[in-house]
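Everything in the sequence shown is counted per my numbering, starting at 323 for the first residue and increasing by one.
As structure tokens, the structure follows; a few thoughts come after it.
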Amino acid sequence: MQAVVKLVKALAALLLGMLLMLAAAELFMRGLPVIQGRIRALDESHWPLRNYQPDQPYQYSFGWDLRHGQRGRTNNFGQLAPFDFQSGRAQVAVIGDSFVESAMNAYEDSLHAQMAQRLGRPDAAIGLAASGLSAVDYTVMVEQALRDLAPKALVLVLIDGDLSEGLHERRGWHHLDEQGQRHYRPLRGEGQGAFSGSLASSSLWGYLRRNLGWQPPSLQSLKSTLTASLLPTPAEPTARGPVEGQGLPAVRALMQTLQNQTQVPPACIAVLFDSDRGRLYGRKPQAPKDDAVSRAALAEALRQAGMAAVDLGEHFARHYATHGQRFDHSPIDSHWNALGHQVAAEAALQALAACPATQNPTP
């Protein structure tokens, strides 16, 4: 009996020690910019314009060593901006994915903030973004932005993969079916709430899940691992590039949206095409996700419609030849740094030179 009591006491002491260690780790992590907040809004019917839960604090950092630490609050639209959005105030709406969201940079370094500074008013240009968006999501964002915020000019930032990603069903994003019809698969199942509660507010949990990318094992994952271990190792598949023309359905959907709207004239619409900046730094070229035929078709369709198609690769190359400075957080993170956003902002304003909204900003 005494042996059992000793064992129970030892286990209790061990458990208490573990709890104290976890509590100490939690307190330590709370002082660091561990990824916190930026939880998708519960009402997905207004997504992606109303992106995260509004008016909530957030923290961002990258990787195990918490690089690019940033803190802020989401605004009334659940976007990362230090001010609320009001209909009719923005001269320019900049639409894109995590490159435009720019969580890893200070807000004033973002593309839209630098455009706004040149236009003379902090909210003259605003960013409307969500991580992981595709060109199909951009069609929804354009429609929602024109309806709810009435910008006078549009800038879309197209990253490699934006055309192809919207052709496959993904939970939490829009996609096109084989007939070119747009659909949305909700992020959450029926009756399922946002990731919340004590775990959501835990900095230690946030570090494990969002900084390190750790996924707690589930019964399904354990079963899959066991099954895979019993099967012979398959041969590595041959790497293939994108099929030529595969992104054309997304091109048609995007052009249809831009041409069907009547609020913004063609001279006030610009699409910025990002490039493989690693080539400038002497790195091996990356395998593209979007096919060249579809990207070229979109650029030509934009020009034919009187809109601007901007190859940022040319702007980056000219600047790099003169200054030799990098435009991103590579080699760890390919997202633009402050200089990358600056070059993109200058290119966007140059493309919109004939747009009245950039010549005579509303006070």
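Using N, Cα and C, we set each Cβ at its ideal position, and we do this for glycine too.
Bear in mind the structure is a predicted one, so any value in this text is a computation, not a measurement.
Query                                                                                                                      : Result
Nearest neighbour of Y382, chosen from A425, Y603 and S420 [CA to CA]                                                      : A425
Min CB distance Q672 to chain D below 8 Å                                                                                  : Looking for chain D here will not work: only one protein chain is present.
Classification of N582 by the beta-carbon crowding that lies within 10 angstroms, buried from 16 upward                    : exposed
Spatial neighbours of A667 in its chain, beta-carbon cut-off 6 Å, leaving aside the 5 residues before and after            : L433, Q436 and M437
Distance, D459 Cα to R510 Cα                                                                                               : 17 Å
Counterpart residues of Y382 in DSSP-defined beta bridges                                                                  : Q392
Which listed residue (Q375, Q401 and K611) has its alpha carbon closest to that of S486                                    : K611
Local Cβ density within 10 Å of Q401, reported as buried at 16 or more and exposed below that                              : buried
Alpha helix (DSSP H) segment containing Y460, residue limits                                                               : A457 to D470
Whole runs of the beta strand (DSSP E) within the region 599–641, excluding any shorter than 3 residues                    : 630–633
Classification of V422 by the beta-carbon crowding that lies within 10 angstroms, buried from 16 upward                    : buried
Cross-strand partners of F421 (DSSP beta bridge)                                                                           : Answer is none; F421 lacks a bridge partner.
Beta-carbon proximity check, D482 vs D655, cutoff 8 Å                                                                      : no
Selection from D484, H505 and N373 that minimises the alpha carbon distance to E491                                        : H505
7 Å CB neighbourhood of L371 in its chain, flanking five on each side removed                                              : F399, L450, M463, Q466, A467 and D470
Residues sharing a beta bridge with D655, DSSP                                                                             : H651
Beta-carbon contacts of V615 that lie in its chain and below 6 Å, excluding the five residues immediately before and after : E566 and G567
Any non-hydrogen atom of the ligand SAM within 7 Å of Q413 CB                                                              : The ligand SAM is not among the ligands present in this structure, which contains no ligands whatsoever.
CA-to-CA distance, A452 to N373, given in whole angstroms                                                                  : 7 Å
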